[in-house]
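Colleague:
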Amino acid sequence: MVKYEVKMTSIGKDAQTYLESNSSFILLNEKIRPALSDMVVEHNVGELTADIVAGDKLKVGKSEFDVVKVGDAVNKNLREEGHCTIVVNMDATMPGQVAVKGVRPPRLRFGNVIQFYSEE
C-alpha cells in the first residue's frame, strides 16, 4: 500500500553535498520555504494516506530502503509541509527524521519519485 508519493521538482545546489557529508537529505513541498531551497529536495505536494512506521519501505528513484525508525514529528510534518529529513544508514535522533537502511544513499535526480509504502 502506497502511503506517500511525490516527485522531485528541484534539487538544491547544496542538497547532494549535504547527502554526501551527513548521509541525509531534506524533503520539503516546493516553494513553501524559498529561503531553504538551496539545501533541500523540493517536491510536488502529496497526501500522506497513512502514517509511516518502522517496517515500511522507501523508494527514491531506483533505490529502495527499509524504514527502521520514524521520529515523533515526521507524519505531522509530512502532512503539513511535505517535510522530513531522511537519514541513510545512520540513527535518526531528531523528531523530524526518518532512519532508513539500504545499500547506498540514493541519487538525487530531478523527476525521481519518492515513495513510502508498506508491503501489506
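When you number the sequence shown by numbering that gives the first Met the number 0, it's gap-free, plus one each residue, and the end is 119. We put the beta carbon where it would ideally sit given N, CA and C, even for glycine. Quick caveat, the model's predicted, so the values are computed rather than measured.
1. Among A72, K58, H82, which residue has its Cα nearest to the Cα of L107?
2. Note the first and the last residue of the continuous beta strand (DSSP E) segment covering E19.
3. Would you kindly check if the distance between the Cβ of V87 and the Cβ of L27 is under 9 angstroms?
4. According to DSSP, is K56 helix, strand or coil?
5. Going residue by residue through the region 52-103, where are the continuous beta strand (DSSP E) segments of at least 3 residues, counting only ones entirely within it?
6. Who are the Cβ neighbours of K12 in its own chain at under 6 angstroms, not counting the five residues just before and after it?
7. So, do the region 54-69 and the region 28-35 have three or more beta carbon pairs nearer to each other than 8 angstroms?
Modeller: With the structure as the only source:
1. Of the listed residues, the one whose Cα sits closest to L107 is K58.
2. For E19, there is no enclosing beta strand (DSSP E); the residue is found in the alpha helix (DSSP H) stretching over 14-21.
3. No; because the gap between Cβ atoms is not below 9 angstroms, this pair is not in contact.
4. Three-state DSSP puts K56 in a strand.
5. Residue ranges of uninterrupted beta strand (DSSP E) with 3 or more members, entirely inside the region 52-103 and ordered along the chain, are 56-59, 62-69, 83-87, 96-100.
6. D37, listed in sequence order.
7. They do not touch, by the three-pair rule.
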